[in-house]
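What follows is a single structure, written as C-alpha cells, with notes after it.
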Amino acid sequence: MARLTIPKEELLRPGHAACPGCGPALAVRLLLKGLGARTIVSIPASCWTVIAGTYPSSALGVPVLDTPIESTGASISGLRAAADALGLEGLTVVGLAGDGGTADIGLQALSGMLERRTDAIYVMYDNEAYMNTGIQRSGATPLGAWTTTTPVSASARGKAEPKKDVMSIVLAHRPAYAATANPSFPEDLVAKAEKARAVHGARFLHLFTPCPPGWKFDSADSVAMGRLATETGLFPLYEVEDGRLKITRRYSRLKPVGEYLSRQGRYSHLTPQEVDAVQAEVLRGWVGLLRREAEAGPAHDAPSASLLTR
Amino acid sequence: MTVEVLSGNHAQSEAVRLARVQVVSAYPITPQTTVVEGIAEFVASGRFPTQFVKVESEHSALQVCVSASALGARTYTATSSQGLLLMHELLHWAAGMRAPIVMGVVNRAVAPPWALGADHTDTFSQRDTGWIQLYAENNQEVLDMVLEAYRLAEDPAVRLPVMVAEDAFYLSHTVEPVDVPAQEAVDAFLPPRQGHAILRPGEPSRLGSFTSPEDYVLFRHELAAAADRVVPTLGEVEGDFARRFGRSLGGTVVPYRCEGADAVLVTLGTASTPARATVDALRSEGKKVGLLKLRLLRPFPESELRAALRGVGAVGVFDRAYTFGAAGAVATETRAALYGERERPALTSFVGGVGGREVTPSLVRRVFDHLLRGPEEGIVWSDLEPHRELETHG
Ligand SMILES: Cc1ncc(C[n+]2csc(CCOP(=O)(O)OP(=O)(O)O)c2C)c(N)n1
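Residue numbers (our numbering), protein chains in the order written: chain A, 7 to 316; chain B, -3 to 390.
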C-alpha cells in the first residue's frame, strides 16, 4: 500500500476568507504542509491579504507580514537579513505573491532578490489575473483570455498578448532551486515544497492556482481544472536544480487543450481556429521543455578552456 | 572619545557603526553615496558586523528595513531627494508598522530640472508619513542625532521611525572636527534593541493585516498618541546624552539672542550658521534681532516654538524649499502654531537657499532688514538675483 506522504499538520486554519474552490487557498494549504511551522510568510496586496483573515484574527499557523504589492522580493531579503543578524535558527523565509505582484509590479524586487542569492523561497501563485481587484489582466494572463480589462467584442478577442514567461526570467538568474507545481497534484507540490525548504539560496516556486470566479467555472471543478492544465501540457510540472531541468509529471500523450479551454467562461468566445492556435502553442512549449530536459548538462557546467584565445 | 575630521556623511556612517545596527540596506544617490560607502568600508574591514543588503532600489531598501525591523533587528538606510520620493509608499508602511528605523536623509533638490544642491523639498513632502524628522546644523549634530534617534525610535513610548536630515554638500561633503565617542560609552547609552520584535518564529501572528474602519481608526489614534510623546521622550534622551557625553543638542527649538528681540528669524539646518553670525553682527550694530533654530519638524514642536517666540514683535521664517501653493512649509506650520497665542507676532515667509544656493550673511542681513521694515503677505523670495560676490561666512 502506498504511504501517505502528505503531512497531517494543517497550517491553513478554518475561518480563512477564500472563495469556494479557491486554487490559491488549496495551494498554500499544501505548500505550508511541505514547509512546516518554522516558516515566516511575507504577503503583498493580493487575494491572499484577504484569504489570511481580517484583523485581529489570522488563518495561518505561522507569522505573517503584510507588505505593499510590489515589495515581496525585498521583504524576504529583509526577513532573511534579520533572521541571520538575530541568529534565528532554521527559519524558512517565504514570500507569497500573486502573478500580478510578481510578473508585473514586483518583477524588479524579485529580480533583485534572485540576483542577491537571498536565502529564501519566493512563491508565485498564478491565478492569471489581478483577481483581488476584480479580474483585470496581468502580464501572466494567457492569450485570448477574457478579463474585465480585456473584454470581448466583435473586434476584441480577450487578451491580445501571450502569457509572460516568468519561469524563464527566473531561470536566467540561476536560482538554487525552481519548480512549477499544482495543487491538483498534491504529492508533487508537497515534495517540491519540502525540497525547496532543504535547499539553501534563492528558490522559486510557480504554483498554478485556478480561480472559479475569475475564470468563470464551477467552484466544484477547481481540482479538475488544475489536472487538465497539466494533462494538456499547458502547465507542465518540472523542477530545475543547479540548472538541470527535470519533468516531474511525464505524459506520452497530452489531452487536447480544447478540453481545458471549453470548460472556462473566460475562453467561451474562442473560435475553433483560435483554439487550434492555442493548441499549437502548447505543443511547441511541451516539445521545447522536452528538449531542455534532454540537453546534456546544466547550462553553467564549466566550459572548456579550449574556448579561450591564447 | 577621539576627535576625527569627518564629513556629515561619514559622521552618519560612524554613528551607524557605533549604534551596532544589525541590518543596513541602501541604494546609491548623490549626495548620500559616501554614507553607504563608509559603511561598506567598515564591513569589509571587519570592524562592523552587520547584514548589509545591497538592493536594486530605494523602495526595496526601505522594505528590507521594514521587514527586518518586524523581526526585531536594528536597521538603517540613507537616501536623498528622488530616492526618498520613491520610498513614499514604504514611508507610510514603516511608520504604520511602528518600525523604529533610522534613515539618514541628505536633503537635495527635487527634479526637474536636475539639481544636486541642498533643498528641503524632499523631506518636507514626507511630513505626513509618520516619520520623526530631525535636522542637523553641523557634523557633530549629525553623529549625535543618529545615536539619539535610535534611543528615541526604540523607546516603548514612541516606536516610530526617524529621519536625520543634513543639507547636501554643506554638511554631506564638508569636513569638520567631530568628537567620536568610544564604543563602550555608546553601548551604555544605547543598549541592544529589546522586546520590539512583533513577529516571532513559531508563533502565529500577523503584522499589517486587513482591518475594518472601526479598527483602522484605532491604529491612527495610537500613531497620534505616539507623536504626542515624541517631544518629552526626546527631552529625556537628550538629558541622558548630555549627562554621558557632556554636550547637548539643545532641545527641539534652540533660541539664540532672542531676549527682547524685535525680530526673530526661524531657520532649519545649515542656514542657521550664517544666520547666527548675522545676528551677532546686527546686535553689535544695536539692532534687536534673534535666531530660532528648529531641530524637530515632525512632530511639530508647537508649544516649544510658541514659548520661544512669545513677546517677539516680528517673526520671519526662512524656508529652504518652495511649497506649492502655500507659504514656506515651516512658515505655514509656525503660523498655525502661533494661532493659539493671545498676542500674535506678524509673520513673514522667506524662501531662499533653494536648490543649494548659498545662504550668505548678506542674504540674511537683507532678510532681517526686510523683516524690520514690516510684515509682508505671501512669499518673499529672498535670493532670485544671480549671486555676484563671493562671500565667506564669518
Ligand atoms: C501600488 C499598488 N497598486 C495597486 C494596488 C491594488 N491591488 C491590490 S491587490 C491587486 C491585485 C494583485 O493581483 P495579483 O498579484 O495577481 O494577486 P491576486 O489578487 O490575483 O491574488 C492590486 C492591483 C495596490 N495595493 N498597491
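Glycine included, every Cβ here is placed at the ideal spot set by N, Cα and C. Model, not experiment: these values are computed from the prediction.
Query: What do you reckon, are the CB atoms on ALA15 (chain B) and LEU143 (chain B) nearer than 8 Å?; Result: yes
Query: Provide the residue span of the beta strand (DSSP E) that contains MET159 (chain B), from first to last.; Result: 158 to 163
Query: May I ask you to check if the CB of MET83 (chain B) is nearer than 7 Å to at least one heavy atom of ligand 1?; Result: no
Query: Can you name, in chain order, every residue of its own chain whose Cβ lies under 8 Å from the Cβ of PRO262 (chain A), other than the five neighbours on each side?; Result: THR238 and GLN285
Query: Return yes when at least one heavy atom of ligand 1 lies under 7 Å from the C-beta of THR139 (chain A), else no.; Result: yes
Query: Quick one: is GLU85 (chain B) near chain A, going by C-beta distance under 8 Å?; Result: yes
Query: Measure the alpha-carbon distance for ARG340 (chain B) versus LEU334 (chain B) and round it to whole angstroms.; Result: 6 Å
Query: Beta-carbon of LEU203 (chain B) versus every beta-carbon of chain A: anything under 8 Å?; Result: yes
Query: May I ask you to report which of helix, strand or coil DSSP gives VAL1 (chain B)?; Result: strand
Query: Closest Cβ-Cβ distance between VAL56 (chain A) and chain B: below 8 Å?; Result: yes
Query: Is the segment 198 to 212 of chain B close to the segment 99 to 114 of chain B, with three or more CB pairs under 8 Å?; Result: no
Query: Which residues does DSSP pair with ASP315 (chain B) in a beta bridge?; Result: B:VAL347
Query: With DSSP as the reference, identify every bridge partner of LEU287 (chain B), one or two as the case may be.; Result: B:TYR252 and B:LEU261
Query: Residues in the same chain with beta-carbon distance under 7 Å from LEU359 (chain B), minus the five sequence neighbours each way, listed in chain order, please.; Result: GLY348, SER378 and ASP379
Query: For THR26 (chain B) and SER76 (chain B), what's the separation of their Cα atoms in angstroms?; Result: 7 Å
Query: Which class does GLU281 (chain B) belong to by DSSP, given the choice of helix, strand or coil?; Result: coil
Query: Quick check on the DSSP output: what are the complete beta strand (DSSP E) runs of length 3 or more inside the segment 184 to 223 of chain B, in order along the chain?; Result: 201 to 203
Query: Looking only at DSSP bridge pairs, what is ARG294 (chain B) linked to?; Result: B:GLN129
Query: For the segment 54 to 130 of chain B, list the alpha helix (DSSP H) runs that are entirely contained and at least 4 residues long, ordered along the chain.; Result: 54 to 66, 77 to 82, 84 to 92 and 117 to 120
Query: LEU229 (chain A) CB to nearest chain B CB: under 8 Å?; Result: The question names Leu, but residue 229 (chain A) is Val in the sequence shown. For VAL229 (chain A), the answer is no, since every Cβ of chain B falls outside 8 Å of its Cβ.
Query: Using a Cβ cut-off of 8 Å (strictly closer), state whether GLY112 (chain A) contacts chain B.; Result: no
Query: Just to confirm my understanding: we take ALA22 (chain B), look at its own chain, exclude 5 residues before and 5 after, and list those with CB closer than 6 Å. What are they?; Result: VAL32, ALA57, THR73 and ALA74
Query: Which of the three DSSP states is assigned to HIS212 (chain A) in this structure?; Result: strand
Query: Verify whether the separation of the beta carbon atoms of GLY101 (chain A) and ILE75 (chain A) is less than 8 Å.; Result: no
Query: Using a 10 Å radius around the Cβ and a threshold of 16 neighbouring Cβ atoms, would you call ARG294 (chain B) buried or exposed?; Result: buried
Query: Which same chain residues end up closer than 8 Å to GLU299 (chain A) when comparing Cβ atoms and leaving out the 5 residues on each side of it in sequence?; Result: TYR244, LEU251, LYS252 and ILE253
Query: Note down, one range per segment and in chain order, each alpha helix (DSSP H) of at least 4 residues found wholly within the segment 41 to 110 of chain A.; Result: 53 to 57 and 78 to 92
Query: Might you give, ordered along the chain, the residues of its own chain that have their beta carbon closer than 8 Å to the beta carbon of VAL106 (chain B), omitting 5 neighbours on each side?; Result: SER77, GLN78, LEU81, ASP115, THR117, ASP118 and SER121
Query: Rounded C-beta distance between ALA89 (chain A) and GLY59 (chain A)? I'm assuming under 8 Å.; Result: Not a contact, Cβ separation roughly 24 Å.
Query: Tell me which residue opens and which closes the beta strand (DSSP E) that ASP236 (chain B) is part of.; Result: Segment 226 to 241 is the alpha helix (DSSP H) holding ASP236 (chain B); no beta strand (DSSP E) there.
Query: Between the segment 24 to 50 of chain B and chain A, which residues of the former have CB atoms less than 8 Å from a CB of the latter, in chain order?; Result: THR46, GLN47, VAL49 and LYS50
Query: From B:ARG362, B:VAL311 and B:THR319, pick the residue whose C-alpha is nearest to that of PRO371 (chain B); which is it?; Result: B:VAL311
Query: With 16 as the cutoff for other CB atoms within 10 Å, does GLU301 (chain A) come out buried or exposed?; Result: exposed
Query: Let me check understanding here. Comparing Cα to Cα, which of B:ASN5, B:MET159 and B:GLU10 lies closest to THR(-2) (chain B)?; Result: B:GLU10
Query: Any chance the CB of TRP54 (chain A) is under 7 Å from a heavy atom of ligand 1?; Result: yes
Query: What residues in the segment 201 to 229 of chain B have a beta carbon less than 8 Å from any beta carbon of chain A?; Result: SER201, ARG202, LEU203, GLY204, SER205, PHE206, THR207, SER208 and ASP211
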